[in-house]
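Colleague:
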Amino acid sequence: MTPIRRRSAGILAATLALATLATACGGSDSTTSSSAADTTAKEAATTTAKRPEVTGTLAASGATFPKAFYEVMIADFKKAQPKATVTYAGGGSGKGRTDLQNQVVDFAGTDGLVKDADKPNYKGGEFFYIPTVAAPITVSYNLDGVDKLNLSSDTIAKIFQRQIKTWDDPAIVAENPDAKAKLTGNITVARRSDGSGTTENFTKFLVKASPTAWNLKSGSTVEWPADTQAGNGNAGVAQIVKDTKGAIGYVDLADAKATGLKRALVKNKAGKFVAPSLEGATASLEGITLNADLSYDPLWADGDKAYPITAPTWIMVYATQTDKVKGETVKEFLHYMLTDGQKVASSVDFAPLPASVIEKALAQLDKIRIPA
Amino acid sequence: MDAPLDFRGKAGIADRLFGFAALAAGTIVLVALGTIAFTTTRRAWPALDAMGFDFITSTRWAPNDEVFGAGAFVYGTLVTSTIALVLAVPVSIGIALFTTQVAPPRWRKPIVYVVDLLAVIPSVVFGLWGILVFSKQVLPVYELLHGWFGGIPVIGALFGETGSGRNFMTAGIVLAVMITPIITSLSREVMDTCPTTDREGAYALGATRWEMIRGAVLPHSRNGLVGAVMLGLGRAMGETIAVALVIGSTVGVSANLFAAGDALPARIANEWGEAEGNWRAALVGLAVALFVITIIVNLAATAVVQRTGERGGRR
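As they're listed, the protein sequences go chains G and H.
If you read the first sequence in our numbering, its first letter stands for residue 1, the second for the next number, and so on.
If you read the second sequence in our numbering, its first letter stands for residue 1001, the second for the next number, and so on.
Structure below.
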């Protein structure tokens, strides 16, 4: 099994890289990081304290959703701690969790939480969730002349279940009376071909927001109707939407922007239609309840400005480290991500966490036990 | 320093060493195969145990309901491999015959070179070509075929509606392009071994070129050709990434060749990263299924070769 798995994983990664390159060439919006600059001054206090030097080499794998952010973190951390090395291999949340279970990696990225039944499988014992960033998942579409599209979760559910097959369906028109004339043609639904945390969070949102209309349940892959189109990765789905008139698909904000897709406004819990943005994601995070293990659910959050499809992501790390050097490096890396790292998150289309969450995450970091 | 030429003692040792080495090499293959079969089955066991025989017969694959039926993927693997063989075998054998029997000697090298070059292109390149170029441009052709044959009873079912360019047919065609160089180059080697005396003999009896090929070259190379086709089929059934990109990744069994589906290795590649627990075990189960199917197909091919060989002998 191992050689097949390694080969396919490597090739998949190469495919994704190539596909991302291809779409990136298609033109991209410029991302403004002015908000990041604003917060720099405020948080300068936390960074002036001299951090201890660490020298460990860390291996990690897991969720691909936050990988772009983690890669920036790893590069920046290398500048701050030249003797430490971190690699994040991606591969998916399931791979990350399995690798952490078997102690193959020093920490793992995950978009979902561990089921209670799986917890005894973790050979290193108790583990912590450290929230890192969050990001909106867009509902992107390709429809000439319609620059503003409002969709409620019920309508999204029916579209993705192929119950609504044309753009002039009364349910869509009712939400977009101004665009009535332009709402024509058949709908093509684009979804992921691979298992994905993006699919998991998108379907969780539908389960939460439209429990009666949505009946495909949630998961990193679900039983999509046969006449939906599958694309590999966010870039693959974005490509289908871009190439197909009348297409609609769920894509993370970074890829939707890079591909130049139009993004629907989604009705939130407060009844407002909100465009996918980092501000919308941050607004969702402000209303969350943080559980004791630092898990939280920013989907379908309260608040007028909250964008309802905001996906969380965590890094999982064992509470008791077995290696002093590695343990210190993990702690330092996560500390970096939660302090300096938060300022650059928006430059790669991820929403930084609210100060209250950061505070608790840092407190959790302090609880990591390192052998003397 | 003039030692007498006596090989007996040394030859004895060398012979035994060689015999031992050959035995070891042969055993290693069997041990490796056995180990792979054992470990994969063991890791797949939780899912196989939970699903029972439904694992192969069911066509419902719902990880979030812990239902794992590989039927649709087995079907997809068989369909795409069949399409690939139907398209690639005649072309490959044609190219092999052309280069060994028909083409002027100075043409042979460039043709052989180009065909072999096709074999070294990584499968991901075929996959990307398939998804970014071929699957889009071939769509009008599919629609044309649907228009021509769609109305005919029975056959029409194969040429149904086209949703997108990512379907069984596209996967089969991409696979055909990938396996053509393998079948071609093996067939060529086999045909080259046909003794000149056989060929000259056929000509001497007044055979035309085609009669010579049919009477001397093809019977002589039959076993080798079947072997070549089997290797091609092996690659087609095991191909992962090119198929994963162009087959459409949909769980479904449809006679329509223009419908999206999925194949065993493609599904493993697509879901491995997110899978845990029984889901992961079920994906390993798909690998076991692929393993078993490959063995069955190879055994069947061997049986076919033996039977036709006997009949040929009696002729």
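Virtual Cβ for every residue (Gly too), placed ideally from N, Cα, C.
1. If you reduce the DSSP assignment to three classes, tell me which class residue 1063/H lands in.
2. In chain G, what lies closer than 7 angstroms to residue 1164/H by C-beta?
3. Given residue 1233/H, which residues of its chain have a CB within under 7 angstroms of its CB, disregarding the five upstream and five downstream residues?
4. Which residues of the segment 1273-1287 of chain H have a Cβ closer than 8 angstroms to any Cβ of chain G? Give them in chain order.
5. Output the distance between the C-alpha atoms of residue 1132/H and residue 1307/H, rounded to the nearest integer angstrom.
6. With 9 angstroms as the C-beta to C-beta threshold (strictly closer), list the residues of the segment 199-230 of chain G near chain H in chain order.
7. Residues in its own chain within less than 8 angstroms of residue 41/G by CB, not counting five upstream and five downstream?
8. Classify residue 1148/H as buried or exposed, calling it buried when 16 or more other Cβ atoms lie within 10 Å of its own Cβ.
9. Any idea which residues DSSP pairs residue 69/G with across the strands?
10. Rounding to the nearest angstrom, what Cα-Cα distance links residue 1068/H and residue 1168/H in this structure?
11. Along the segment 76-97 of chain G, what residues have a CB closer than 9 angstroms to any CB found in chain H?
12. What first and last residue would you give for the alpha helix (DSSP H) that runs through residue 358/G?
13. Which residue from 245/G, 99/G, 83/G and 139/G puts its Cα closest to that of residue 1272/H?
14. From the DSSP output, in three-state form, read off residue 1188/H for me.
15. For the segment 1051-1064 of chain H, list every residue whose C-beta sits within 9 angstroms of some C-beta in chain G, in sequence order.
16. Of all the beta strand (DSSP E) runs that stay within the bounds of the segment 250-283 of chain G, which reach a length of 3 or more residues?
17. Using a Cβ-Cβ cutoff of 8 angstroms, what residues of the segment 1223-1255 of chain H are near chain G? List them in chain order.
18. Is the beta carbon of residue 1050/H closer than 9 angstroms to that of residue 1061/H?
19. Hey, residue 73/G and residue 337/G are a contact pair by Cβ (cut 8 angstroms); roughly how many whole angstroms apart?
20. Report yes or no: do three or more beta-carbon pairs, one from the segment 60-77 of chain G and one from the segment 1240-1249 of chain H, lie closer than 8 angstroms?
21. Decide if residue 1257/H is buried, meaning its Cβ has at least 16 other Cβ atoms within 10 Å, or exposed.
22. For residue 229/G, which of helix, strand or coil comes out of DSSP?
23. Please list the partners that residue 116/G has in chain H, where partner means a Cβ-to-Cβ separation under 8 angstroms.
24. DSSP beta-bridge partners for residue 62/G?
25. Would you kindly work out how many angstroms separate the C-alpha atoms of residue 9/G and residue 91/G, rounded to a whole number?
26. Going by C-alpha distance, which of 281/G, 276/G and 356/G is nearest residue 151/G?
27. Can you give me the C-alpha to C-alpha distance between residue 1014/H and residue 1020/H, rounded to a whole angstrom?
28. Leaving out the 5 sequence neighbours to the left and right, which residues in its chain are closer than 8 angstroms to residue 1045/H when beta-carbon positions are compared?
29. At 7 angstroms on the CB atoms, spell out the chain G contacts of residue 1289/H, in chain order.
30. Taking the alpha-carbon positions, what's the residue 1260/H to residue 1220/H distance?
31. Using a C-beta to C-beta distance shorter than 9 angstroms, which residues of chain G count as neighbours of residue 1260/H?
32. Between the segment 178-194 of chain G and chain H, which residues of the former have a C-beta closer than 7 angstroms to a C-beta of the latter?
33. Have a look at residue 1125/H and residue 355/G and give me their C-alpha separation to the nearest angstrom.
34. In whole angstroms, what is the alpha-carbon distance linking residue 1238/H and residue 1275/H?
35. I'd like to know whether the C-beta of residue 327/G is nearer than 9 angstroms to at least one C-beta of chain H.
36. Does residue 1107/H pass the burial test, meaning 16 or more other C-beta atoms within 10 Å, or should it be called exposed?
Modeller: A quick look at the data gives this:
1. The three-state reading of DSSP puts residue 1063/H in helix, counting H, G and I together.
2. The answer, in chain order, is 229.
3. So the list reads 1081, 1085 and 1297, once near-sequence residues are dropped.
4. Listed by position along the chain: 1273, 1274, 1275, 1276, 1277, 1279, 1280, 1284 and 1287.
5. Straight across, the Cα-Cα distance linking residue 1132/H with residue 1307/H is about 44 angstroms.
6. The segment 199-230 of chain G vs chain H, Cβ under 9 angstroms: 199, 200, 203, 216, 217, 218, 219, 220, 221, 222, 223, 224, 225, 226, 227, 228, 229 and 230.
7. At residue 41/G, the pLDDT of 41 sits below 50, so the modelled position is not reliable; the number obtained from the coordinates is stated separately. Within the same chain, no residue comes within 8 angstroms of residue 41/G by CB-CB distance, once the 5 residues on both sides are set aside.
8. By the neighbour-count rule (16 or more Cβ atoms within 10 Å), residue 1148/H is not buried but exposed.
9. Its beta-bridge partners do not exist; DSSP assigns none.
10. Looking at the two C-alpha atoms, the distance is approximately 21 angstroms.
11. So the close ones are 90, 91, 92, 93, 94, 95, 96 and 97.
12. Element bounds for residue 358/G: 355-366.
13. Taking only the C-alpha atoms, the option nearest residue 1272/H is 99/G.
14. Residue state, collapsed to three classes: helix.
15. Under the 9 angstroms Cβ criterion, the segment 1051-1064 of chain H contributes 1060, 1061, 1062, 1063 and 1064.
16. List check, beta strand (DSSP E) in window: 265-267.
17. Those would be 1240, 1241, 1244, 1245, 1248, 1249, 1250, 1251, 1252 and 1254, in chain order.
18. No.
19. 5 angstroms between Cβ atoms; contact.
20. For the pair of segments examined, the segment 60-77 of chain G was found not to touch the segment 1240-1249 of chain H: the number of CB pairs separated by less than 8 angstroms stays below three.
21. The residue in question, residue 1257/H, is buried, as its Cβ has 16 or more Cβ neighbours within 10 Å.
22. Strand at residue 229/G.
23. Identification of chain H residues near residue 116/G by a Cβ-Cβ cut-off of 8 angstroms yields none; the smallest Cβ-Cβ distance measures about 12 angstroms.
24. Beta-bridge partners of residue 62/G (DSSP): 91/G and 109/G.
25. Only weak support exists for where residue 9/G lies, its pLDDT of 46 falling under 50; the value from the coordinates is given anyway. Rounded to whole angstroms, residue 9/G to residue 91/G spans 7 angstroms at the Cα level.
26. Relative to residue 151/G, the option among 281/G, 276/G and 356/G whose CA is nearest is 276/G.
27. Each residue's alpha carbon lies about 10 angstroms from the other.
28. Its chain contains 1281 as the residues whose beta carbon lies nearer than 8 angstroms to that of residue 1045/H, once the 5 sequence neighbours on both sides are disregarded; these appear in chain order.
29. What residue 1289/H touches in chain G: nothing, since even the nearest Cβ is about 13 angstroms away.
30. Their Cα atoms are separated by approximately 41 angstroms.
31. Per Cβ cutoff of 9 angstroms: 226, 227, 228, 229 and 230.
32. Against chain H - using a Cβ distance shorter than 7 angstroms - the residues of the segment 178-194 of chain G are 193 and 194.
33. Taking the straight line from one Cα to the other gives about 46 angstroms.
34. Going by the C-alpha atoms only, they are around 20 angstroms apart.
35. Taking Cβ atoms only, chain H never reaches closer than 9 angstroms to residue 327/G, which makes this a no.
36. Its Cβ having fewer than 16 others within 10 Å, residue 1107/H is exposed.
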